């Protein structure tokens, strides 16, 4: 009866018989990553959506993790704070509509931000029956502190593109966003 070691090729037997583990060549981690990613991208049935998600996930993931740890702020809370700093006097429903985030997560985030005294609710000056939101001074301070990381990471992400390519990318994304009524659905 043949043993396991005797069935191996001579080079393998000698390595095993000398007590050394058999080493199989592995590409370096970065090369392996690139090979797997290339295989996923090749003939991908959703080539644009996958690439947009890839960029978005690797852009925002580390930032959200840092923000949660350092500022105890969730992603939905950041979305609300960001929107209100860009456009004050929105309500939770409008924030949900313009971000594509679920109404329930935005509503929960609004309550958490109010508890933290980072936003306040007040009557809309155009329609006193409607309640709108705005950031407090504390909310604006934390927004500016967090925003610095997002701005720096975006600059790193876009550094491989020439200025003209960055402008073209912005134009193309704006064009897709402007036609969102044809494909974007609130969930």
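Residue numbers (this note's numbering): 27 to 213.
We put the CB at the ideal spot given by N, CA and C, even for glycine.
For clarity, every value in this text was computed on a predicted model and none was experimentally measured.
Problem set entry | Opposing strand residues paired with residue 157 [DSSP bridges] | Paired residue(s): 149.
For this session: Spell out the partners DSSP gives residue 116 in its beta bridges.
Result: According to DSSP, residue 116 shares a beta bridge with 159.
Problem set entry | Cβ neighbour criterion (16 or more within 10 Å) applied to residue 206 | Taking every protein chain shown into account, the CB of residue 206 has fewer than 16 other CB atoms within 10 angstroms, so this residue is exposed.
Problem set entry | Exposure label - residue 196; buried when at least 16 CB within 10 Å | Per the 10 Å Cβ criterion, exposed.
For this session: My understanding is that residue 118 touches residue 133, with C-beta atoms under 8 Å, so please give their C-beta distance in whole angstroms.
Result: At roughly 5 Å, the Cβ-Cβ gap stays under 8 Å, so residue 118 and residue 133 are in contact.
Problem set entry | Given 8 Å, three or more beta-carbon pairs between the region 163-183 and the region 91-101 | At 8 Å Cβ cutoff, the stretches touch.
Problem set entry | CB contact check: residue 200 to chain B, cutoff 7 Å | Of the chains in the structure shown, none is chain B; there is only one protein chain.
Exercise. Residues in its own chain within less than 7 Å of residue 22 by CB, not counting five upstream and five downstream?
Worked result: Absent from the structure is residue 22, since the part of the chain shown begins at 27 and ends at 213.
For this session: Determine the contact status of residue 105 and residue 130, defining contact as a CB-CB distance below 7 Å.
Result: Not in contact: residue 105 and residue 130 (Cβ atoms no closer than 7 Å).
Problem set entry | Own chain residues within Cβ distance below 8 Å of residue 127, not counting five before or after | Excluding positions up to five away in sequence, the list reads 102, 105, 121.
Problem set entry | Extent of the continuous alpha helix (DSSP H) run through residue 88 | Run containing residue 88: 73-97, per the alpha helix (DSSP H) assignment.
Exercise. How would you write the range of the alpha helix (DSSP H) that residue 59 sits in, first residue to last?
Worked result: It spans 55-67 - the alpha helix (DSSP H) in which residue 59 sits, taken as one unbroken run.
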